[in-house]
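Undergrad: The opening residue of the sequence shown carries number 1 in the UniProt record's numbering; numbering runs sequentially from there.
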Amino acid sequence: MANIDELKSTGLKATLPRLKILDVFHRGTQRHMTAEDVFRVLLEERSDIGLATVYRVLTQFEQAGILSRSHFESGKAVYELNEGTHHDHLVCLDCGRVEEFYDAEIEKRQHDVAKLKGFEIADHALSLYAHCTKNPCPNRAK
1 MANIDELKST GLKATLPRLK ILDVFHRGTQ RHMTAEDVFR VLLEERSDIG
51 LATVYRVLTQ FEQAGILSRS HFESGKAVYE LNEGTHHDHL VCLDCGRVEE
101 FYDAEIEKRQ HDVAKLKGFE IADHALSLYA HCTKNPCPNR AK
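1) Please look up how many angstroms separate the CB atoms of Val54 and Ile21, rounded, as I've assumed it's under 8 Å.
2) Out of curiosity, what's the CA-to-CA distance linking Asp123 and Tyr79?
3) Taking its Cβ as the centre, do 16 or more other Cβ atoms sit within 10 Å of Phe39, making it buried, or is it exposed?
4) Figure out for me which residue from Arg140, Ile66, Arg18 and His71 has the closest Cα to the Cα of Cys92.
5) Flag this pair as yes or no: are the beta carbons of Pro17 and Ile66 separated by less than 7 Å?
6) First and last residue of the beta strand (DSSP E) that includes Ala122?
7) Identify whether Glu36 lies in helix, strand or coil by the three-state DSSP scheme.
8) Taking the alpha-carbon positions, what's the Ala52 to Asp94 distance?
9) Would the beta-carbon of Leu81 fall within 7 Å of that of Phe25?
10) I'd like the list of long-range same chain contacts for Glu120, defined as Cβ closer than 7 Å, with 5 residues on each side in sequence excluded.
11) Let me know the secondary structure DSSP gives Leu90 once reduced to three states.
12) Would you list the one or two residues that DSSP bridges to residue 175?
13) With distances taken Cα to Cα, identify the nearest neighbour of His32 among Lys117, Lys76, Glu44 and Gln110.
What follows is the structure, encoded as structure tokens:
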């Protein structure tokens, strides 16, 4: 029911494909998902929603502010629920795992640098690319 209200509040009709795709994000264990990831979940659930529909709905959700889109190292668009709070990302170059973080000092420093250079930040996205030091990283070279 909450998904129906969420869609209606953005002006989108509560169609079955939209409800199912939104549900994938709300109950998913993976926070950052590509269109293919969403499609794979729908296939596992024996849903008959096509990949083109998934792409279209994800774009609609981004435009409506329901999802946020990022582009990490893979070059593919990755979507996550837009919960209204800013955060940055750490991306593992070995396994692709994404960790979210917020650091007030980094945020302040970015604004200070922008001001020094004659800019005022309207928006930004910070993604740090690194190698996992946590075990196990399934794609780390042995």
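Glycine included, C-beta positions come from ideal geometry on N, C-alpha and C.
TA: Reading from the atomic positions:
1) Residue mapping note: residue 54 aligns to position 54 of the sequence shown, counting from 1. Residue mapping note: residue 21 aligns to position 21 of the sequence shown, counting from 1. Beta-carbon to beta-carbon, Val54 and Ile21 are separated by about 6 Å, close enough to satisfy the 8 Å threshold.
2) Counting from 1 along the sequence shown, the entry for residue 123 is found at position 123. Counting from 1 along the sequence shown, the entry for residue 79 is found at position 79. C-alpha separation (whole angstroms): 17 Å.
3) Within the sequence shown, numbered from 1, the residue matching residue 39 stands at position 39. Residue environment: Phe39 is assigned as buried (16 or more neighbouring CB atoms within 10 Å of its CB, all protein chains considered).
4) What you label residue 92 is simply residue 92 of the sequence shown in a count that begins at 1. That would be Arg140, whose Cα lies nearest to the Cα of Cys92.
5) Numbered from 1 along the sequence shown, position 17 holds the residue referred to as residue 17. Numbered from 1 along the sequence shown, position 66 holds the residue referred to as residue 66. The answer is no: Cβ separation not under 7 Å.
6) Counting from one through the sequence shown, the residue named residue 122 turns up at place 122. That residue, Ala122, is in no beta strand (DSSP E); it is neither H nor E in DSSP.
7) Position 36 of the sequence shown, counting from 1, holds the residue named residue 36. In the three-state reduction of the DSSP assignment, Glu36 falls in the helix class, which pools H, G and I.
8) Position 52 of the sequence shown, counted from the first residue, corresponds to residue 52. Position 94 of the sequence shown, counted from the first residue, corresponds to residue 94. The C-alpha of Asp94 is placed about 29 Å away from the C-alpha of Ala52.
9) Numbered from its first residue, the sequence shown carries residue 81 at position 81. Numbered from its first residue, the sequence shown carries residue 25 at position 25. It is a contact, given that the beta carbons lie within the stated cut-off.
10) The residue you call residue 120 lines up with position 120 of the sequence shown. Cβ neighbours of Glu120 within its own chain (closer than 7 Å, five residues either side excluded): Ala114.
11) The residue labelled residue 90 in the question sits at position 90 within the sequence shown. In the structure shown, Leu90 sits in a strand (DSSP, three-state: E or B).
12) Any answer about residue 175 is impossible in this case: the structure gives the chain only from 1 up to 142.
13) As a position in the sequence shown, residue 32 is number 32, starting the count at 1. The candidate whose alpha carbon is nearest that of His32 is Lys76.
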